[in-house]
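Chemist: Under numbering that gives the first Met the number 0, the sequence shown has 61 at position 62, and the numbering climbs by one with no breaks. C-beta: ideal position from N, C-alpha, C; glycine also. Model, not experiment: these values are computed from the prediction.
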Amino acid sequence: MKVLEYKPPRTVIGGAVVFIAIAVVFFMFAFPLTEMAGSSFQLIFLAFMGIFFAVPVVLLLRVKSARSKVSSFMRDASIGETVTLPQPVRYEVGTYTCTGEWRSSGKNRHYYTSHTFRRTESGEGPTIALPKGPFIVTVKRDDSGLVEFPAVRILSEPYKNVLLL
0 MKVLEYKPPR TVIGGAVVFI AIAVVFFMFA FPLTEMAGSS FQLIFLAFMG IFFAVPVVLL
60 LRVKSARSKV SSFMRDASIG ETVTLPQPVR YEVGTYTCTG EWRSSGKNRH YYTSHTFRRT
120 ESGEGPTIAL PKGPFIVTVK RDDSGLVEFP AVRILSEPYK NVLLL
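(1) Can you tell me whether Y111 is buried or exposed? The criterion is at least 16 other CB atoms within 10 Å of its CB, across all chains shown.
(2) Decide if F178 is buried, meaning its Cβ has at least 16 other Cβ atoms within 10 Å, or exposed.
(3) Just checking: is the beta-carbon of E147 within a distance shorter than 9 Å of some beta-carbon in chain C?
(4) Per DSSP, N107 forms a beta bridge with which residues?
(5) Evaluate I127 with the Cβ neighbour count: other Cβ atoms within 10 Å of its Cβ, from every protein chain shown; 16 or more gives buried, anything less gives exposed.
(6) If you draw a straight line from the alpha carbon of E91 to that of K63, how long is it in whole angstroms?
(7) Nearest-angstrom Cα distance between F52 and H109?
(8) Do you know offhand how far F28's Cα is from G105's?
(9) Is there contact here, the segment 137-148 with the segment 66-81, by at least three beta-carbon pairs under 8 Å?
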């Protein structure tokens, strides 16, 4: 079994810092202008700015949470032909599929990805047998592709939504 741990690129954290710095500068210049408007406009402006600041913070917290779950799993699990955990967990065995394709509308073009997990069976216990099956990767000339492999998804805390390949 291969062990992969997701580490976000440093550009994600750097981008968030730059985003917050630009937002602070914008807030410093725009807030004095709101004094000319009424109090209802000021409340709407403050709500908008709160959302504007909250989005990158929430995204960073989600990345940190996912990383800590994987680190905790790797620390606690004994990995071989089976995965043994210190406590019983609920899990699903199935097939994970990820597809990607280019989509365009007018002059805009972006890469769209979708992820699905098809459950074939479920179980519970401290020992998880790793599924056997084909690992399929296809990439077309237009860069659209498909990745499909057998996987186990953990359903209970503290490792909820950890995916084992």
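Modeler: Here's the rundown:
(1) To locate residue 111, count along the sequence shown from 1; it is residue 112. The residue in question, Y111, is exposed, as its Cβ has fewer than 16 Cβ neighbours within 10 Å.
(2) With the chain running from 0 to 164 in the structure shown, residue 178 is simply not present.
(3) The structure shown contains no chain C, having only a single protein chain.
(4) Here residue 107 refers to the residue found at position 108 when the sequence shown is read from its first residue. For N107, which the question treats as bridged, DSSP gives the partners S104.
(5) Position 128 of the sequence shown, counted from the start, is the residue given in the question as residue 127. Flag for I127 reads buried.
(6) One-based indexing of the sequence shown puts residue 91 at position 92. One-based indexing of the sequence shown puts residue 63 at position 64. For E91 and K63, the distance between alpha carbons rounds to 24 Å.
(7) To locate residue 52, count along the sequence shown from 1; it is residue 53. To locate residue 109, count along the sequence shown from 1; it is residue 110. Cα to Cα, the separation comes out at about 25 Å.
(8) Here residue 28 refers to the residue found at position 29 when the sequence shown is read from its first residue. Here residue 105 refers to the residue found at position 106 when the sequence shown is read from its first residue. Roughly 35 Å between the two C-alpha positions.
(9) no
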